[in-house]
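A.B. asks:
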Amino acid sequence: MVGLTIAVVALSIALLVLVALFLRQRRRIRKLAEQAEDFLVGNGAPLEFSVQEDSLAPLHNAIAELQNRLLLAKERQAEECRRTSDLTADISHQLKTPLASLRLYCEMDESFHLSQQLTQIERMERLIQSLLRLERLCADGYEFTYDEQEVASIIRACWAGLSATFPACTAEISGSAVIRCDEKWLSEAFTNLLKNACEHMPEGGTVHVRMETTEAAFFCTVEDEGGGASAKDLPHLFERFYRAEGSPSSGAGIGLAIVREIIWRHHGTISAENTAKGLKMTISIPLMKMIRT
Numbered sequence: 024m025v026g027l028t029i030a031v032v033a034l035s036i037a038l039l040v041l042v043a044l045f046l047r048q049r050r051r052i053r054k055l056a057e058q059a060e061d062f063l064v065g066n067g068a069p070l071e072f073s074v075q076e077d078s079l080a081p082l083h084n085a086i087a088e089l090q091n092r093l094l095l096a097k098e099r100q101a102e103e104c105r106r107t108s109d110l111t112a113d114i115s116h117q118l119k120t121p122l123a124s125l126r127l128y129c130e131m132d133e134s135f136h137l138s139q140q141l142t143q144i145e146r147m148e149r150l151i152q153s154l155l156r157l158e159r160l161c162a163d164g165y166e167f168t169y170d171e172q173e174v175a176s177i178i179r180a181c182w183a184g185l186s187a188t189f190p191a192c193t194a195e196i197s198g199s200a201v202i203r204c205d206e207k208w209l210s211e212a213f214t215n216l217l218k219n220a221c222e223h224m225p226e227g228g229t230v231h232v233r234m235e236t237t238e239a240a241f242f243c244t245v246e247d248e249g250g251g252a253s254a255k256d257l258p259h260l261f262e263r264f265y266r267a268e269g270s271p272s273s274g275a276g277i278g279l280a281i282v283r284e285i286i287w288r289h290h291g292t293i294s295a296e297n298t299a300k301g302l303k304m305t306i307s308i309p310l311m312k313m314i315r316t
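Under our numbering, read the sequence shown as residues 24 to 316, first letter to last.
1) Would you identify the three-state DSSP class for Asp132, choosing helix, strand or coil?
2) Going by C-alpha distance, which of Tyr165, Ala299, Leu89 and Asn84 is nearest Gln75?
3) For Cys204 and Glu284, which I take to be in contact (beta-carbon distance under 8 Å), what is that distance rounded to the nearest angstrom?
4) Since Glu235 and Lys303 should fall inside the 8 Å C-beta cutoff, what is the C-beta to C-beta distance between them, to a whole number of angstroms?
5) Do you know how far the Cα of Leu122 is from the Cα of Leu137?
6) Alpha carbon to alpha carbon, what distance is there between Ile286 and Asp22?
7) Who does Phe241 pair with in a DSSP beta bridge?
8) Can you look up Asp205 in the DSSP assignment and give me helix, strand or coil?
9) With respect to the alpha helix (DSSP H) encompassing Gln75, which residues constitute its N-terminal and C-terminal limits?
10) To which residues of the same chain is Ser307 closer than 7 Å at the C-beta, ignoring the five residues directly before and after it?
11) Under the rule that 16 or more other beta-carbon atoms within 10 Å means buried, what is Phe189, buried or exposed?
12) In chain order, what residues of the same chain lie with their CB nearer than 6 Å to the CB of Gln172, ignoring the 5 residues before and after it?
13) Might you give, ordered along the chain, the residues of its own chain that have their beta carbon closer than 8 Å to the beta carbon of Ala180, omitting 5 neighbours on each side?
14) With a threshold of 6 Å on Cβ separation, who are the neighbours of Thr305 within its own chain once the five nearest residues in sequence on each side are excluded?
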């Protein structure tokens, strides 16, 4: 009887020890998960390597190794982006000088084709400026400043700047949303979308802009009345230098590529589809709360 009592006590103690170890392991796993999440969102330092000899040490050290590799890859990418940005700025400077000289010589010569020559020079300047802007954007050469903004106000301001260029077109803007974004760059994205819509519509057409939000994301559609794109053009609209059928001869095929990069910098996506009226662009951006410090 005494032996049985001792066995029961020993078993109870063993169970208590196991429970304590299990709870301790759970707390360590929870803490590792929290530290890993803090690191991913930029609020925490990488884990230091563990010298403990227990079952969680391999997991701890594997996370630490991955975090250090991510930091190294991020540093290398940042360095490559800096080099690309510097190269883009240098190319921009080198191209502006001969173009300015060419413009000057054309104006001095005052040839019969002076107007056409200056038009082509201006077109080349716009093309070079857009291309270098896109390349620098792709290389993270611009700093984005995110803040909570009312999107409808941004879109109305964009249309106010375009309406004089397209007096025969109108814009119908419905819905509202407040999202975390870079106001300057998002304005450029919507300006390009509105301009693209107007260029592909007949006179008297209307651009329909609709906004809505869910608990997780912001959605916005920009739909024109231009009849849409052909089936072969639709998958390539956001590629650089791609010009769809019916595009203005002055277009360079860069505007929508810039839009895609800007939306991507907001962790969003943009897609295109044909509707009964024309071409509809759909933007989706996840909603992220501001981090207050």
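All C-beta atoms, glycine included, are put in the ideal place defined by N, C-alpha and C.
C.D. replies: Taking the coordinates as given:
1) In this structure, Asp132 counts as helix in the three-state DSSP scheme.
2) Taking Gln75 as reference, the option from Tyr165, Ala299, Leu89 and Asn84 with the minimal CA-CA separation is Asn84.
3) About 14 Å separates the two Cβ atoms, so there is no contact after all.
4) Not confirmed; about 14 Å, so no contact.
5) Annotation: Leu137 to Leu122 spans about 15 Å, alpha carbon to alpha carbon.
6) Coverage of the chain is limited to positions 24 through 316, which leaves residue 22 absent and any answer about it impossible.
7) Phe241 has Thr236 and Ile308 as its beta-bridge partners, per DSSP.
8) Coil.
9) Premise fails: Gln75 is in no alpha helix (DSSP H) and is neither H nor E.
10) These residues qualify, in order along the chain: Ala240, Phe242, Gly291 and Thr292.
11) Phe189 should be labelled buried.
12) Here the set comprises Cys204 and Glu206.
13) Shown here for Ala180: same chain residues with a beta carbon closer than 8 Å to its own, the five before and five after excluded, namely Ser210 in chain order.
14) Closer than 6 Å at the Cβ level, and outside the excluded window around Thr305, lie Thr244 and Ser294.
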